[in-house]
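Report on the structure given below.
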RNA sequence: GCUCCGUUCGUCUAGGGGUUAGGACACCAGAUUUUCAUUCUGGCAACACGGGUUCGAUUCCCGUACGGAGUACCA
């Protein structure tokens, strides 16, 4: 199954126009899972045919994001491979021949219309009541192209170097069928498809041509991409047919979209900003505007949690198992179990996954996160101590940084005290026992939690108090807060001298409530 | 508008002609914990609507509604 080599070849083909969207990451993930499950190849192809939208750094960002979540590439711009280059801009010279081949066969034609002329056509038709004017089998006869112009005029224009595009000549009446692996048979009438531009006037191919040519040349067997491509899939079918590649055409699988958490529509950066969660895998700063966006990595999400969460947005194994590592997913994945309907993005589920994977980490690994937080705070801490703290905090946190955020008292005396607890628990009894406890600590040199606990209980019972009842007051004095891990362990870690100093401060600061 | 795609608890989903419609997240309650968190137990909560087909439909078919995508010399 997973180890067998096969001829399955899939590709993830993003456009380097900015940070990789989380939906794009999921598409990459599904491609990867499918490839690995079948022992096939995973290819990265950069689709940078739009020079106006190119964003420096975007390609590196994409690669780093894929690497972060554990998606390994078999072929790509960096990996190389037998079908390179893997950047479309570097394949530019390839595409024109295929477009010309289509022209020769009568399936494509030159069009010389200027943007103004196109706009005029649309305006005219809109005014005449056509809601969405298209350049197609009926309108092309009124435009300036090699189907309407005399041949010698076409020759002259081509030779004169005026800008032109090559358009696909879509038949007027034809049914185009597509057997989508997720949706089944999809039927589209060719009258709904317009004469798409194949070659732009700058000499670059459009997505449609480049995509089909490259998928064919790279021997792609399965095209797994977002549902937004479904409407143009019939066009691609036509292209394969006219290019003579229908026999080896890849199979298509159009993935359901990731939707906004509430409301409706595609998940967007704006939603993420408003609701305070990331939408990009890694932090991203737009080089043009300087605008920053938060990443899942920097927000404290573990890659295995993101992967598990993303995989389950639109796919499930059909069992009740919820936790899947990347390798588990590779083993269980199948296109048949992908849903048809779009999935709302629920960040709470992502947080739950994060918690689960955080629990599974060793305290040693978690301590590393703590040490990083401490370094930025300028606090030094022995590794052993960090490990002990990480172990205590492990199952009460959702993000690694919370070890520090919720456990500052391990390193600093409280700068304030929880008022609710103070007013409820800081009473004469408590003060009496806590002072006596502090004195007792001063006489002995206790270094472990159980000895400290024994002392606490002894002092309390000597004074006729219930050690449990006034424990909260002690916790308040030592940590300033109401919650946290076992107090005795906390005191062991910070040491009894520090405990005594904190008790003394608390005794001075906190007022005893007069009954 | 038009074309295509979709619709099971609030969310992610399982299921599938006869089920007490299952799980997870979230939420609520109880237990445990000196506290918080964890953990455990329990609870709330769904087949969009209308027609068919059928002994029987949430499941199949057709409509309707609602939602999504596409409709560029962007991908």
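In this note's numbering, the protein residues as written are 1 to 515.
Glycine included, each C-beta is placed from N, C-alpha and C at the ideal position.
As the structure is a prediction and not an experimental result, all values here were calculated from the model.
Residue j beta carbon less than 8 angstroms from that of residue i
| i | j | result |
| --- | --- | --- |
| residue 198 | residue 108 | yes |
| residue 92 | residue 242 | no |
| residue 272 | residue 278 | yes |
| residue 304 | residue 326 | yes |
| residue 133 | residue 122 | yes |
| residue 67 | residue 20 | no |
| residue 456 | residue 512 | no |
| residue 44 | residue 95 | no |
| residue 58 | residue 16 | yes |
| residue 173 | residue 190 | yes |
| residue 227 | residue 254 | yes |
| residue 359 | residue 395 | yes |
| residue 349 | residue 309 | yes |
| residue 401 | residue 300 | yes |
| residue 166 | residue 110 | yes |
Reduced DSSP secondary structure (H/G/I, E/B, other) of residue i
| i | result |
| --- | --- |
| residue 223 | strand |
| residue 42 | strand |
| residue 109 | strand |
| residue 287 | coil |
| residue 12 | strand |
| residue 266 | strand |
| residue 257 | coil |
| residue 167 | strand |
| residue 216 | helix |
| residue 249 | coil |
| residue 162 | coil |
| residue 194 | coil |
| residue 21 | coil |
| residue 308 | helix |
| residue 427 | coil |
| residue 188 | strand |
| residue 378 | coil |
Residues near residue i by beta carbon distance below 8 angstroms, same chain, minus five either side
| i | result |
| --- | --- |
| residue 8 | 34, 35, 38, 39, 40, 41, 221, 222 |
| residue 56 | 287 |
| residue 545 | Summary: the structure shown does not reach residue 545, with the chain confined to residues 1 through 515, and so no result is reported for it. |
| residue 3 | Annotation note: pLDDT 44 at residue 3 (below 50); position unreliable, coordinate value reported separately. Closer than 8 angstroms at Cβ, skipping near neighbours: 39. |
| residue 153 | none |
Residues near residue i in its chain [Cβ-Cβ closer than 7 angstroms; skip 5 each side]
| i | result |
| --- | --- |
| residue 388 | 493 |
| residue 232 | 208 |
| residue 393 | 403, 406, 407, 485 |
| residue 234 | 176, 178, 188, 193 |
| residue 446 | 452, 455, 496 |
Nearest residue (CA-CA) to residue i, options the options
| i | options | result |
| --- | --- | --- |
| residue 452 | 15, 462, 438, 11 | 438 |
| residue 356 | 174, 397, 245 | 397 |
| residue 332 | 268, 24, 318 | 318 |
| residue 213 | 178, 339, 249, 189 | 249 |
| residue 258 | 497, 26, 374, 163 | 26 |
| residue 218 | 202, 447, 10, 334 | 10 |
| residue 435 | 410, 445, 478, 395 | 478 |
| residue 419 | 480, 474, 464 | 480 |
| residue 339 | 129, 182, 77 | 182 |
| residue 18 | 283, 245, 125 | 283 |
| residue 229 | 463, 252, 124 | 252 |
| residue 461 | 289, 505, 429, 237 | 429 |
| residue 102 | 127, 168, 155, 78 | 168 |
Rounded Cβ spacing between residue i and residue j (contact assumed at less than 8 angstroms)
| i | j | result |
| --- | --- | --- |
| residue 313 | residue 343 | 4 angstroms |
| residue 502 | residue 413 | 5 angstroms |
| residue 431 | residue 472 | No, residue 431 and residue 472 are not in contact; Cβ-Cβ is about 13 angstroms, not under 8 angstroms. |
| residue 345 | residue 261 | 5 angstroms |
Distance cut-off 7 angstroms: residue i Cβ against heavy atoms of the ligand ZN
| i | result |
| --- | --- |
| residue 464 | Summarising the ligand content, the structure contains no ligands, and the ligand ZN is consequently not present. |
Same chain, Cβ closer than 6 angstroms to residue i, five either side skipped, listed in chain order
| i | result |
| --- | --- |
| residue 381 | 374 |
| residue 487 | 475 |
| residue 30 | 224 |
| residue 505 | none |
| residue 149 | none |
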